[in-house]
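Data first, discussion second: the structure below is written as structure tokens.
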Amino acid sequence: MPSEKIIVTDEDTKLSVANGYVRKFEKGSDEAEKEHANRPRQLTNVTYVEFSSRADDMKAGLIDTFLNVELVDSNIYMARHLLKGRQSLPAVYGGQVIGQALAAAAATVDDSYKPHSLHSYFIQTGSVYKPILYMIDRVSDRRSFCTRVVKAIQDGQAIFTCQVSFHKDEPDAIVHQHEMPVVTPPEELRDFRDIIEDSLRDDKVTVAMKAMLKAKLKEVPPAFDRVFEFRPVDRGMYYEDSGEENVQPRTSMWLRAKENIGDDPRLHQCVAAYISDCTMLETAIKPHSMYVHKFLLCIYDLFIHLLYINDFTFSYILLYLLNLLTCCSTVTFSKRSCLSCFVTNFSQQYLTRKKAVR
1 MPSEKIIVTD EDTKLSVANG YVRKFEKGSD EAEKEHANRP RQLTNVTYVE FSSRADDMKA
61 GLIDTFLNVE LVDSNIYMAR HLLKGRQSLP AVYGGQVIGQ ALAAAAATVD DSYKPHSLHS
121 YFIQTGSVYK PILYMIDRVS DRRSFCTRVV KAIQDGQAIF TCQVSFHKDE PDAIVHQHEM
181 PVVTPPEELR DFRDIIEDSL RDDKVTVAMK AMLKAKLKEV PPAFDRVFEF RPVDRGMYYE
241 DSGEENVQPR TSMWLRAKEN IGDDPRLHQC VAAYISDCTM LETAIKPHSM YVHKFLLCIY
301 DLFIHLLYIN DFTFSYILLY LLNLLTCCST VTFSKRSCLS CFVTNFSQQY LTRKKAVR
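Residue numbers (my numbering): 1 to 358.
What follows is the structure, given as structure tokens:
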């Protein structure tokens with residue numbers, strides 16, 4: 001008989017985990033009632049989960065809330081504290097799912113291995129109102145590399161999957177990287193929220209642009225301001241509508257964490273995964289900014305690919321450079337690099353659809 005794990009997430013929902021598969025039992029279903037009637041009063045394979053609060057309602061820090069995953073069973077982890085990507089929608093923030101998946105995968109490998117590559121796909125939208133299970137497949141454990149496949153499950157359905165490769169530290173054979181671009185230093189720049197608030201008080205900014213900026217501020221979860229500091233180098237990205245058609249699809253910003261993350265480099269890599277799903281979209285639609293008042297965009301994540309090159313720490317402010325590579329056939333492809341000692345490289349693909357305003 002296969003080993004089965006029952007996870008009770010609330011009064012109406014139970015998840016059965018066996019042989020790498022997840023089944024959902026809802027209250028009133030024949031299978032659920034049968035399972036409940038036949039089981040003993042005490043079962044060692046049943047885990048009851050308290051899910052009464054979400055991350056954006058709490059004052060806990062980045063690591064112990066947003067990236068925290070709990071070991072439920074062998075190779076199975078659960079995340080209970082989930083953050084909205086936008087305040088107006090119940091959808092979980094995609095970067096948090098990536099960061100939690102990486103944290104769960106890293107928990108199954110030796111500390112001497114560090115992630116060097118992560119390739120992920122978003123299958124369907126997750127909700128902040130129910131926990132997410134992360135199921136780990138230990139594909140390979142070798143002398144220099146380890147490979148893990150992670151599947152995120154909610155309500156018995158896969159919402160996300162990723163493959164992570166870990167590499168043991170080795171001495172450098174050759175060393176080379178691009179030169180860091182010359183940009184305005186962070187001490188001469190302001191946080192993005194301050195820039196937007198200045199823009200809202202500026203009589204020269206159009207009414208339409210102000211409406212967009214107000215909507216943006218309203219949608220940003222409070223947790224982002226509490227945990228991260230964003231200082232855009234391109235002030236005009238949040239300040240003025242140039243009305244130009246040939247706006248370059250690139251921008252840069254300085255970013256750091258406001259709290260102490262510690263010395264574990266793998267935690268900092270999880271934080272980099274966490275922020276991988278923010279700011280890239282704005283760069284992607286930048287060349288079309290003069291048309292945004294004429295249509296609404298329906299945008300969904302398709303995949304995110306991360307490469308980790310060098311160790312880094314978010315205790316120091318880091319420079320991010322963002323570029324749009326292409327946008328066609330409803331698919332937008334963007335790239336981001338952290339150029340402070342060139343430590344990370346991100347690629348992201350969006351599904352971008354136009355919906356006419358009625």
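Think of the CB as a built atom: it goes at the ideal place given N, C-alpha and C, for glycine as much as any other residue.
Taking Cβ positions, are G85 and A91 nearer each other than 9 Å? As a first step, residue 85 must be located in the sequence shown, where it is residue number 85. As a first step, residue 91 must be located in the sequence shown, where it is residue number 91. Taking 9 Å as the Cβ cut-off, G85 and A91 qualify as a contacting pair.
Can you tell me the Cβ-Cβ gap for K218 and Q87, rounded? I've got them flagged as a contact below 8 Å. If you number the sequence shown from 1, residue 218 lands on position 218. If you number the sequence shown from 1, residue 87 lands on position 87. Sure, about 6 Å apart at Cβ, within 8 Å.
In this structure, how does DSSP classify T125 when only helix, strand and coil are distinguished? Position 125 of the sequence shown, counted from the first residue, corresponds to residue 125. Residue state for T125 is assigned as coil, using DSSP reduced to three classes.
Rounded to whole angstroms, how far is the Cβ of I275 from the Cβ of G95, which I believe are closer than 8 Å? Your numbering for residue 275 matches position 275 in the sequence shown. Your numbering for residue 95 matches position 95 in the sequence shown. In this structure, I275 and G95 form a Cβ contact; the two beta carbons are roughly 6 Å apart against a cut-off of 8 Å.
Pull up the DSSP beta-bridge partners for E170, would you. By one-based count along the sequence shown, residue 170 stands at place 170. E170 is not bridged to any residue.
Contact between the segment 67-82 and the segment 204-222: three or more CB pairs below 8 Å? Cβ pair count under 8 Å is below three, so no.
Given F314, which residues of its chain have a CB within under 7 Å of its CB, disregarding the five upstream and five downstream residues? For the purposes of this step, residue 314 is taken as the residue at position 314 of the sequence shown. So the qualifying residues of the chain are R256, A257, I261, H268, V271.
Give a yes or no on whether the C-beta atoms belonging to R226 and I317 are separated by under 9 Å. Translated into the one-based positions of the sequence shown, residue 226 becomes position 226. Translated into the one-based positions of the sequence shown, residue 317 becomes position 317. No, the Cβ-Cβ distance between R226 and I317 is not below 9 Å.
Between the segment 160-167 and the segment 107-122, do at least 3 Cβ pairs fall closer than 8 Å? The segment 160-167 makes contact with the segment 107-122; the number of CB pairs closer than 8 Å reaches 3 or more.
Between M253 and E197, what straight-line distance do the alpha-carbon atoms span, to the nearest angstrom? For the purposes of this step, residue 253 is taken as the residue at position 253 of the sequence shown. For the purposes of this step, residue 197 is taken as the residue at position 197 of the sequence shown. One alpha carbon belongs to M253, the other to E197, and they sit about 18 Å apart.
For R148 and A103, which I take to be in contact (beta-carbon distance under 8 Å), what is that distance rounded to the nearest angstrom? Stepping through the sequence shown from its first residue, residue 148 is reached at position 148. Stepping through the sequence shown from its first residue, residue 103 is reached at position 103. A Cβ-Cβ distance of about 11 Å is found for the pair R148 and A103, leaving them out of contact under the 8 Å criterion.
Along the chain, where does the alpha helix (DSSP H) that runs through V150 open and close? Residue 150 sits at position 150 when you count from the first residue of the sequence shown. Boundaries around V150 are those of the beta strand (DSSP E), 145-154, since no alpha helix (DSSP H) includes it.
In angstroms with no decimal places, state the Cα-to-Cα distance between G126 and V139. Counting from one through the sequence shown, the residue named residue 126 turns up at place 126. Counting from one through the sequence shown, the residue named residue 139 turns up at place 139. Distance between the alpha carbons of G126 and V139: 25 Å.
In whole angstroms, give me the CA-to-CA distance for M135 and I153. On the sequence shown, position 135 is the one that residue 135 refers to. On the sequence shown, position 153 is the one that residue 153 refers to. Roughly 8 Å between the two C-alpha positions.
Could you name each continuous beta strand (DSSP E) segment of 3 residues or more that falls completely within the segment 177-263, going from the start of the chain to the end? The segment 177-263 contains these whole beta strand (DSSP E) runs: 228-232, 250-257.
Residue environment, S144, which counts as buried when at least 16 other CB atoms sit within 10 Å: Taking the first residue of the sequence shown as 1, we reach residue 144 at position 144. Looking at its Cβ environment, which holds fewer than 16 other Cβ atoms inside 10 Å, S144 is exposed.
Below 8 Å on the Cβ atoms is my contact criterion, and I expect V233 with V182 to pass it. Report the Cβ-Cβ distance as a whole number of Å. Here residue 233 corresponds to residue number 233 of the sequence shown, with the count starting at 1. Here residue 182 corresponds to residue number 182 of the sequence shown, with the count starting at 1. Between V182 and V233 the Cβ distance is about 11 Å, and since that is not below 8 Å, they are no contact.
Would you grab the beta carbon distance between S199 and L189 for me? Rounded to a whole angstrom, and I think it's under 8 Å. As a first step, residue 199 must be located in the sequence shown, where it is residue number 199. As a first step, residue 189 must be located in the sequence shown, where it is residue number 189. That pair is no contact at about 15 Å.
Please classify F314: does DSSP put it in a helix, a strand, or coil? Position 314 of the sequence shown, counting from 1, holds the residue named residue 314. For F314, the secondary structure class from DSSP, reduced to helix, strand or coil, is coil.
Mind checking which residues open and close the beta strand (DSSP E) that includes Y134? Taking the sequence shown and counting its residues from 1, the one referred to as residue 134 is at position 134. Y134 -> beta strand (DSSP E) spans 132-141.
Assign A223 to buried or exposed, taking buried as 16 or more other Cβ atoms, counted over all protein chains shown, within 10 Å of its Cβ. The residue given as residue 223 occupies position 223 in the sequence shown. Counting the other CB atoms within 10 Å of its CB gives A223 a total of 16 or more, which places it among the buried residues.
For V109, which of V97, Y129, V128, D137 has the nearest alpha-carbon? In the sequence shown, counting from the first residue as 1, residue 109 sits at position 109. With distances taken between Cα atoms, V109 lies closest to D137.
Where does S112 fall in DSSP's three states? Here the question's residue 112 lines up with position 112 in the sequence shown. Looking at S112 - three-state DSSP - the assignment turns out to be coil, as it is neither helix nor strand.
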